[in-house]
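A quick write-up on the structure given underneath.
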Amino acid sequence: MLSSNNDPFTSKLKFILENTTWSYETTVTFNHNLTISLSISDEHVLHWWPNGYGDQPLYNLVILNQDNRIGSHLIGFRTVQLIQHEYGAGINGTSFYFSINFKSIFIKGSNWIPSDSFQKRVSDEKCERLLRSAQLSNMNMLRIWDGGIYERNSFYEIADRLGIMLWHDFMFACSLCPVDEPFLTNVHEVIYQVKRVQHHPSIVLWFGNNENEAAVAHYWYGLPQEKLKKTKDDYRKLYVDTIIDAVKQTDKGNNRPFVTSSP
């Protein structure tokens, strides 16, 4: 943000968490992209819980500039852990379960695919009806399948209210993607998407793709052996070097785990 003559200027910002006693003021200079870290202690808020484990309190975080409201987000507070521990010698694999607010959660859920092939026909009321049906069926998690789409803002807001955790794939499904520079640059759309939805407590996990790692590991596409090393190197370049790094840099204020491929 710059002044009318493109010079940087200093101004006061105030953050208020409505319906609590918490607030924070700071003075900033607007001359480049700016990141402000906020710390809100547990004494000011109640924890957000999945459906069946407690309530879903949400708080409106308001930003003021010289007493003028310039933005707000409805947020929730919870701690997410993906527990993956070794079972011991001679046993392959690890555990895979979630702890929310240091309590182990029994996951009940399903895949979420686009609710209509023509998104203009999907209303917020339809999203609410479908998500509420999941809640009333005692589900507490939906996986946003990456053969679909990044959902609209209201979808995530409804999931927040209903206590539906979201296992969120990025939209790379069942394919070998190129790793040339134009494609890698375009892939940074994940930064936009993470910034758009990262304040939602319902999102508890990022997944890089759908089955692409299994496709490479188990030769789904019948690639000749001489191309296998390059295929694996390309996979690492896209998902490990590019996407994981982009997500970690963008979502570093949260404690969401990232898994490279689903499953």
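Its first residue numbered 928, the sequence shown is counted upward by one per residue in our numbering. Think of the CB as a built atom: it goes at the ideal place given N, C-alpha and C, for glycine as much as any other residue.
Just to confirm, is the Cβ distance from S1188 to F1134 under 8 Å?
The residue you call residue 1188 lines up with position 261 of the sequence shown. The residue you call residue 1134 lines up with position 207 of the sequence shown. Yes; because the gap between Cβ atoms is below 8 Å, this pair is in contact.
Where do the N-terminal and C-terminal ends of the beta strand (DSSP E) with K1159 fall, by residue?
Within the sequence shown, residue 1159 is the residue found at index 232, counting from 1. No beta strand (DSSP E) contains K1159, which is instead part of the alpha helix (DSSP H) from 1152-1162.
For D1096, which of helix, strand or coil comes out of DSSP?
Translated into the one-based positions of the sequence shown, residue 1096 becomes position 169. In this structure, D1096 counts as strand in the three-state DSSP scheme.
With W949 and N1028 assumed to form a contact (beta carbons below 8 Å), what rounded beta-carbon distance in angstroms separates them?
Here the question's residue 949 lines up with position 22 in the sequence shown. Here the question's residue 1028 lines up with position 101 in the sequence shown. Not quite, the Cβ-Cβ distance comes to about 19 Å (not below 8 Å), so this is no contact.
What is the DSSP secondary structure of Y1146, counted as helix, strand or coil?
Counting from one through the sequence shown, the residue named residue 1146 turns up at place 219. Here Y1146 sits in coil by DSSP.
State the beta-bridge partners of K939 as determined by DSSP.
Counting from one through the sequence shown, the residue named residue 939 turns up at place 12. T954, per the DSSP bridge assignment.
For the beta strand (DSSP E) that contains K1030, what are its first and last residues?
What you label residue 1030 is simply residue 103 of the sequence shown in a count that begins at 1. Note, K1030: beta strand (DSSP E), 1030-1032.
Check whether the Cβ atoms of R1183 and L1150 sit closer than 8 Å, and answer yes or no.
Along the sequence shown, one-based indexing puts residue 1183 at 256. Along the sequence shown, one-based indexing puts residue 1150 at 223. Cβ atoms of R1183 and L1150: not closer than 8 Å.
In the DSSP output, what is W1039 paired with across the bridge?
Against the sequence shown, residue 1039 aligns to sequence position 112. Paired residues: I1071.
On the DSSP bridge assignment, give the partners of G998 in chain order.
Numbered from its first residue, the sequence shown carries residue 998 at position 71. Its beta-bridge partners are I990.
Where L929 falls, given that 16 or more other Cβ within 10 Å makes a residue buried:
Here the question's residue 929 lines up with position 2 in the sequence shown. Residue placement at L929 cannot be trusted, given a pLDDT of 46 that sits under 50; the coordinates are not used to answer.
Can you check DSSP and say which residues form a bridge with L944?
On the sequence shown, position 17 is the one that residue 944 refers to. BP columns for L944 point to L988.
Go through its chain and collect everything with a Cβ distance to K1175's Cβ below 8 Å, but skip five positions before and after it.
By one-based count along the sequence shown, residue 1175 stands at place 248. The residues are F1185.
Could you work out which residue in M1092, S1102, D1168, G1180 is closest to Y1148 when comparing CA atoms only?
The count along the sequence shown starts at 1 and reaches residue 1148 at position 221. Selected option, being the one with the closest Cα: S1102.
Would you please verify whether the beta carbon of F1185 is less than 8 Å from any beta carbon of chain B?
Although the question refers to chain B, the structure presented lacks it and comprises just one protein chain.
Residue of N1019, L1009, G1003 minimising C-alpha distance to F1025:
Numbered from its first residue, the sequence shown carries residue 1025 at position 98. Looking at the Cα atoms, L1009 is the closest of the given residues.
Enumerate in chain order the residues of its own chain whose CB-to-CB distance from A1100 is below 6 Å, with the five nearest sequence positions on each side excluded.
Taking the first residue of the sequence shown as 1, we reach residue 1100 at position 173. Here the set comprises D1073, G1074, N1137.
Given a cut-off of 8 Å, decide if E945 and V1007 are closer than it, judged by their beta-carbon atoms.
To locate residue 1007, count along the sequence shown from 1; it is residue 80. To locate residue 945, count along the sequence shown from 1; it is residue 18. Going by C-beta atoms, V1007 is not nearer than 8 Å to E945.
Put Q1176 into one of helix, strand or coil per three-state DSSP.
The residue you call residue 1176 lines up with position 249 of the sequence shown. Helix at Q1176.
What does V1186 pair with, by DSSP beta-bridge criteria?
Counting from one through the sequence shown, the residue named residue 1186 turns up at place 259. DSSP output for V1186 lists F1134 as bridge partner(s).
So who's on the other strand from L1009, going by DSSP bridges?
Position 82 of the sequence shown, counting from 1, holds the residue named residue 1009. Looking at the DSSP assignment, L1009 forms a beta bridge with F1025.
Leaving aside the five residues before and after K1154 along the sequence, list all residues of the same chain whose C-beta is less than 6 Å from its C-beta, in chain order.
Position 227 of the sequence shown holds residue 1154. Correct list: empty, nothing qualifies.
Relative to the C-alpha of H974, which candidate in K1159, S1129, I1018 has its C-alpha closest?
Taking the sequence shown and counting its residues from 1, the one referred to as residue 974 is at position 47. It is S1129 whose Cα lies nearest to the Cα of H974.
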